[in-house]
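According to UniProt numbering, the residues represented by the sequence shown are 1 to 767, in order. Virtual Cβ for every residue (Gly too), placed ideally from N, Cα, C. None of the values given here were measured: they were computed from a predicted structure.
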Amino acid sequence: MPPHRRKFRIQSKFGEPRQWRSRKSRPCDACRKRKTACVIDTQPPCRYCERKGVDCQATDSGGSSAPGSPGRFSSRSMPGNLGNADAQASPSPRATFGPLATPRDRSPCPTSDQDPGLDGVDVVPTGASPVALTLMQPPPVPNQVAFPLPSPISVLVDAAVNRASEGNAPSRAVAATNSVSPLLVEPQAHTETGSVVVGFAAAAALQSPTPSVPAQRHNSPSRFPARNADKTAIYTLDDNDNVTAHSMGLAGEQDTELLSSFRAAIMNEADSIDSEILQIYAGGVTDSIGGGDGDAGERCHHPPVHFNMIRDEFMPLDNAVKVASSHRIEAAVQGCADHLVRLYFKHVHPVYPVLSKSRFLQTYADNKQVLPASLRGAVYGIASNFWHHDLTSPAMTVISRPDQHELFEQALTSLQRELHGPNLWTLQACLLLIHENSAENATIETPRVWMLAAQATACAQMLGLHRDPMAWQLAAWEKHLRRRLWWATFAADVWSSVCHGNPPHIYEGSFTTPPLRMEDVAQGEDVPQSLRHMVDDDCAVSDTAVCARFVNTVVVSRIVHQLLMSSFSDVAYVESMKDPVTREASLMQIRQQLQDWSMLLPRCISMETIPTAGVHHNNAPLHLSYYAAVALNFRALMSPVTKSAKHDPQSSLRRHFGSAIKEFGFFTDFMHGISPECLNEFWGLHSRSQLILCGNFLIYLFLLAPGPNQVRDTFALLGTFHDSLQRLSAVADQFAIGVLRPVALRIDSFFTQAAQLMRTNGQSPSS
């Protein structure tokens, strides 16, 4: 007969600090009834009771565990009794949902139904962290039974067989304690600042999912809705505390359609959740617009959309770098941070509204440390360009202008760490950091601009901004902001590609986000009364001109994107040249789009309205982007540029030459109409390459002029443009000079070298 195993019982009492998996102290009644770990940091209540707001007490606190309690290998933990185990540990639906756990609540607290009397004394420090406790435990022996519960694989097999026999679809896997689910919010619980209010009513309406693994292994089921949950529940992907949402694409690690019926959280070694999966859109079939005659159109299948909800737990070094950068940024703007925010929303935001004004101001006023250091540094840095424009406060006259280089340097340093867990704030920082002032000696745009645009594009795609959010269970403000930021990223990618002539990172088939609308930009532009002291009066309400300006900037960017993809890639150029007639017809359609855009431009964003609307409502960058698009269109139309084409009246070069001269006569008028006040406002970094593109196109026309009359006309355009550059350079501040200098050097170099080049090579390099 085998010897009996000796049983050790430890006298325990309630109320002393109790660590995870410790048997020194008795659990409270609530945790013992739920069969979960009772963790007490210093004194009652335990973490569970404190979180739920219930009394934390233990009956018969001085007693030991019952002798007849089930042991480690009790029949209750065998696969044949799974139904009873699940039933005993099933929590109430109300405990399933709610706001995210605080950092204190997020420590691993795995459940256990083992008899406390059968465990030895844990020799661990009283204040040991859960991670330290996990590391101190011996590794499990593969050939021994190490868990009181059946194998998860056997459980899933049995459950799948039962579901198949009943004809039911697979249910979702239950998640563990410390869920990282997004906040569930009421559909109407949105403040005018765009913030989110936790909706307990909506949360309580959802049903608890059916467990697919034994429920005793976890403290509470997942807070994700069951498959038959209320489809009107509203979530947030961006306002979760210390949790970021990463888009799961169709080629992700798991099939999205399978995830619609079965998805399990990713558990770490400490039985804590590292990542959960949220279905934000169930997918489905819709009818496309029909072609007439009663035709309902094709049926479109839309895939489900899921996000990985990942807790923001980074390496200590990453956190230290972010904290250090934040401290240096705030030290650099000490005493003038609020003034810089005011300058930003007066001078930068009307031209480049990538921030949700009310959301940013509300967060800044509540606790600006919540905003990433990269975003704060970018806002401060860009606003510092206008330091001497608006010194309304006497205190500002005695404070020196912050060092912009230091602000951007610290912002970029912090951004590299923040990209481990990006959110919408992070993307806004990526977009703003592109517009750092170029070096004073920079004649050709640095490749870093192109790389920063690639970074912004990757960040936007990780956040799922390239997918249409209109059918998602998101708050309206978040849908509008996501669309606005996607198209801001799109425009940045297009114009950054033009800087060096590279193909854009974004192609037409890579996104489904619908076109930008006025309401997407207007959302969040009205500042609440309590925050209006932070901005000027004319910046406190939504401005139609701001919305129209940004929407039309995106429209021009989309036209340029068509040009780049159809005529300015190596493959597209070779293919289109095989059929010149089709190529020209396509380019003429794009030219018509540009003409329509110019004719239908709202009056509030025309160049004539700048003196009446205020110089900070700078419409000039928008019009400059239009002329850059026109230059690209004519370059494609007039291609190929050869000696024979120059002398052939039927060539595309000769046929479109007159139209190009006429169109760029309007461009020189535009340059002549730029006032000094308009010049010294915000233009954005891409204005440099756009102005270079237009200046070089004037040189292009002069060198390709087929006859004396065309030579005279193009030279007159060059002279007028050169005069405008000289006039503007005389009144430009140091930042506006950065916009004018590259093109001015090119024009001056041309006038200096053109005569010598033409004497050497004939009338022109192409003759």
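Residue range of the unbroken beta strand (DSSP E) whose run includes residue i
| i | result |
| --- | --- |
| residue 798 | In the structure as shown, the chain starts at 1 and stops at 767, and residue 798 therefore has no counterpart that could be examined. |
| T426 | No beta strand (DSSP E) contains T426, which is instead part of the alpha helix (DSSP H) from L424 to L433. |
| T244 | V243 to M248 |
| M278 | The displayed chain sequence assigns Leu, not Met, to residue 278. Counting along the chain, the beta strand (DSSP E) containing L278 begins and ends at I273 to Y281. |
| F307 | V305 to R311 |
Backbone CA spacing between residue i and residue j [nearest angstrom]
| i | j | result |
| --- | --- | --- |
| V379 | P504 | 26 Å |
| E478 | V641 | 48 Å |
| L653 | L704 | 9 Å |
| N437 | Q410 | 15 Å |
| L693 | S651 | 23 Å |
| K273 | I266 | First, the residue type needs correcting, since residue 273 is Ile and not Lys in the sequence shown. Their backbone Cα atoms lie some 6 Å apart in a straight line. |
| A732 | L564 | 32 Å |
| D29 | V348 | 59 Å |
| A488 | A460 | 10 Å |
| L355 | G335 | 23 Å |
| A245 | I747 | 49 Å |
| C300 | G284 | 8 Å |
| D41 | R26 | 14 Å |
| C539 | G524 | 12 Å |
| L474 | Y573 | 42 Å |
| S644 | V581 | 18 Å |
| L250 | K646 | 51 Å |
| N680 | S598 | 25 Å |
| A337 | S414 | 18 Å |
| T286 | V541 | 38 Å |
| G53 | V39 | 15 Å |
| L624 | Q279 | 43 Å |
| A331 | Q43 | 40 Å |
Assumed close pair residue i, residue j - CB separation to whole angstroms, cut-off 8 Å
| i | j | result |
| --- | --- | --- |
| L701 | A754 | Rounded, the Cβ-Cβ distance is 13 Å, inconsistent with contact. |
| L433 | F408 | 7 Å |
| residue 769 | E445 | Nothing can be reported for residue 769: it is not among the residues displayed for the chain, which extend from 1 to 767. |
| E521 | F550 | What sits at residue 521 in the sequence shown is Val, not Glu. Confirmed, Cβ separation roughly 5 Å. |
| N633 | R591 | 5 Å |
When the options are compared against residue i, the one with the closest alpha-carbon
| i | options | result |
| --- | --- | --- |
| G658 | T714, R532 and V581 | T714 |
| A636 | I434, Q562 and K52 | Q562 |
| V739 | I699, L718 and G684 | G684 |
| L717 | E663, D403, N680 and L407 | E663 |
| A383 | Q473, F345 and M248 | F345 |
| W472 | G719, H647 and T513 | T513 |
| L311 | H420, R655 and R47 | Going by the sequence as given, residue 311 is Arg instead of Leu. Nearest option by C-alpha distance: H420. |
| F314 | R448, D596, N242 and S576 | N242 |
| Q710 | C31, G665 and C38 | G665 |
| H480 | E276, L317 and D238 | D238 |
| V560 | S542, Q593 and V574 | Q593 |
| G501 | N633, A439 and F568 | F568 |
| N706 | A439, M588 and P649 | Checking the displayed sequence, the identity of residue 706 turns out to be Pro instead of Asn. Ranking the options by Cα distance to P706, first place goes to P649. |
| G673 | K646, M607 and V333 | M607 |
| G252 | E508, F751 and M462 | M462 |
| G33 | L601, A629 and A58 | Inspection of the sequence shows that residue 33 is occupied by Lys rather than by Gly. Of L601, A629 and A58, the residue nearest in Cα terms is A58. |
| K578 | L250, S639 and I280 | S639 |
| N619 | W387, A545 and L258 | A545 |
| N441 | I737, P350 and P44 | I737 |
| V630 | F667, P515, L601 and L600 | F667 |
| R548 | V571, S566 and M518 | Strictly speaking, residue 548 in this sequence is Ala, with Arg absent from that position. When only C-alpha atoms are compared, the closest one is M518. |
| A282 | S625, Y48, H388 and A233 | A233 |
| E406 | P372, S358 and S325 | S325 |
| P350 | I699, E298, L632 and D543 | D543 |
| I277 | E257, E269 and T286 | E257 |
The alpha helix (DSSP H) enclosing residue i, as first and last residue numbers
| i | result |
| --- | --- |
| residue 768 | Nothing can be reported for residue 768, as the shown portion of the chain is limited to 1 through 767. |
| F657 | F657 to H672 |
| C539 | Per DSSP, C539 belongs to no alpha helix (DSSP H) and is neither H nor E. |
| M462 | R448 to M462 |
| N552 | T544 to S567 |
| G647 | Note that residue 647 corresponds to His in the displayed sequence, not to Gly. Here the alpha helix (DSSP H) through H647 covers K643 to H647. |
| H623 | A620 to L637 |
Minimum Cβ-Cβ distance from residue i to chain C less than 7 Å
| i | result |
| --- | --- |
| S438 | The structure shown contains no chain C; it is built from a single protein chain. |
Residue i beta carbon near the ligand GDP (any heavy atom closer than 6 Å)
| i | result |
| --- | --- |
| C539 | Ligands are entirely absent from the displayed structure, and the ligand GDP is therefore not among its contents. |
### Query
Counting Cβ pairs, one atom from each stretch, are 3 or more of them under 8 Å apart for the region 722 to 733 and the region 426 to 446?
no
### Task
Check whether the region 547 to 566 touches the region 366 to 383, taking contact to mean three or more Cβ pairs, one atom from each stretch, closer than 8 Å.
no
#### Entry: Inter-stretch contact (C-beta, 8 Å, three-pair minimum) for the region 526 to 539 and the region 330 to 344
yes
### Query
Contact between the region 302 to 318 and the region 463 to 478: three or more CB pairs below 8 Å?
yes
### Query
Quick one: any contact between the region 445 to 458 and the region 482 to 502, if contact means 3 or more CB pairs under 8 Å?
yes
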